[in-house]
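Position in the sequence shown (from 1) plus 6 gives the number in this note's numbering. For each residue, glycine too, the CB sits at the ideal point set by N, CA and C. Computed from a predicted structure; not experimentally measured.
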Amino acid sequence: MSDADIIIVGSGMGGATLAAGLAPTGLRILILERGERLEDCAQARDPAAIFAQGHFRPAETWLTPEGTRFNPGNYAFVGGNSKFYGAVMIRYREADFAPIRHIGGTTPGWPFPYDTLAPWYDRAEALYQVRGQGGIDPTDPPRAANYPFPPVPHEPAIADLDRRLRATGLHPAPLPLAVDIDRWLARAATPWDAFPDTTGGKLDAETAALTLALQHPNVRLQTGVRVQRIEVDGERVTGVMTDKGRFTAPRIVLAAGAVHTAALLLRSADEARPRGLANRSDQVGRNFMNHNASALLALSPRRNGSIYQKTLMLNDWYLTGGPQGEPLGNIQLLGRVSAPILAAQTGLPGPVARLIADRAIDFYVMSEDLPQPDSRVTLKGDDIVLDWRRSNWEAHLALVAKLKGALRRAGFPVLLSKAFDRSTPSHQCGTARLGDDPAQSVTDPFGRCHDHPNLWICDASLLPTSAAVNPSLTIAALALRQADRIAQEVA
């Protein structure tokens, strides 16, 4: 007898949401997670531990194409990277599903339009209890109903920023967030981005989806299990080999994240498939995308007394703004950058960092990275090699410049910006993209591998484009859509 009816490798946004969607079917679901649960500790509220010491970062390293080792900043815990995410749950814009001409090239589009995924966006927002307000943002796509909960209120400094931006003719809007703000703030005056969720204030993959799934007796979670390769008999996968032994199931789902899912497929190469599993197209590992992103601090003589400032976004240049009307991207607030965070990230002396942080409002500027076949994940022995080739950088620089101009007009005379580098996992995606054409994609539009009828992928690997918004909600929507597809097959 097999160990389960379906094995899910990974408990992050894709795997946990898929488990929540499948749990009511009665299928025996086994979730294998390499990490352990993240228990509450003093370091969870210590910016020096998080930003200077990297307390929660795993010890693993990857290689650049030149052979330099770096720590990628991915996290290995139950709930995956979502334990540390900013909980921004924003839909891809309707235009993102079609080919778009950017400064750096043209995106390929998706095999289906926004309307196809819209019902599962609705369900994902409900599952993650998203706070927001539809219809304010000029790029807001059509929706069947408003958000499940009203938006998180602006703190005074951010309400003032909202007024100032509107006075310049822009259209700031509430940022859609999966957060129980009262529960988060009750624990301590702690900022947000990169701080782990240990008390349930963030509605992350563990808190929202996995907890729901594990209420069903047919769902099991096994932690501390590192999957090493996938076993195949003919075209069908039969199980997974791990450091804890062999597990079998008639259906396997890979939800280990864009890099690790691709690496696992490549590592499972055999004599019949020397390029790896699901890789007849030679697309596994290719088209790696990682948003072009910068932090921007807007300083003024006024002090920013905010604790939780991440409540505003700006999409006025999302679909236009380039020299030929090309899209530029999304702007949203960062979690509060405190003095210890700024000192750890820049090396500034504490008093200087405090002077800046006390008077800054912190922005996250994000532009689309376009898929390129040579931007890819490969293996060198047991090591993962990440060859990320930035694209569309000119658009990102233009977006940063647009924001700086707007902020000066809004009364912020001093503006500091810094781009994130490859060690920051700014929404990695695209290494096993979905599509209709088996020669150009790894899976079908539901996430089933073209080459193996019982092997599925359910994470950011599937995304054929990165758009210029946080991918979590789209991953969750795809997972719920996949859950419905699998449930129909076994009914």
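Query, Result
"Strand pairing of tyrosine 370, partner residues [DSSP]", "Ala301, Gln338"
"Cβ-based neighbour list, aspartate 186, same chain, cut-off 6 Å, excluding 5 preceding and 5 following", "Gly207"
"DSSP three-state assignment for lysine 89, whether helix, strand or coil", "helix"
"Extent of the continuous beta strand (DSSP E) run through glutamate 39", "35 to 39"
"Continuous alpha helix (DSSP H) stretch holding arginine 129: start and end", "120 to 133"
"Contiguous beta strand (DSSP E) assignments of at least 3 residues, all confined to the segment 358 to 439", "366 to 373, 382 to 386, 389 to 393, 420 to 425"
"From Arg40, Gly230, Gly115, Pro162, residue whose alpha carbon lies closest to that of aspartate 443", "Gly115"
"Reduced DSSP category for alanine 215 - H, G, I as helix; E, B as strand; rest coil", "helix"
"Sequence-distant residues of the same chain with beta carbon closer than 7 Å to alanine 366, five excluded per side", "Leu303, Ala304, Leu305, Asn310, Val343"
"Contact check, asparagine 293 vs proline 379, beta carbons under 8 Å", "yes"
"Environment of glycine 411 [buried if 16+ CB atoms lie within 10 Å]", "exposed"
"Alpha-carbon to alpha-carbon, alanine 29 and glutamine 289", "31 Å"
"Simplified DSSP assignment, three categories, for leucine 320", "strand"
"Cβ-Cβ distance between arginine 43 and threonine 229 below 8 Å", "yes"
"Coil, strand or helix - aspartate 462 by DSSP", "Residue identity differs from the one stated: residue 462 is tryptophan in this sequence, not aspartate. Three-state DSSP puts tryptophan 462 in a strand."
"Any C-beta of chain B under 8 Å from that of proline 419", "No chain B is part of this structure, which consists of one protein chain only."
"Three CB pairs or more closer than 8 Å across the segment 389 to 397 and the segment 68 to 77", "yes"
"With 16 other Cβ atoms within 10 Å as the buried cut-off, status of lysine 424", "exposed"
"Valine 448 and alanine 262 closer than 8 Å at C-beta", "no"
"Test item: CB-CB of valine 225 and isoleucine 236 under 8 Å", "no"
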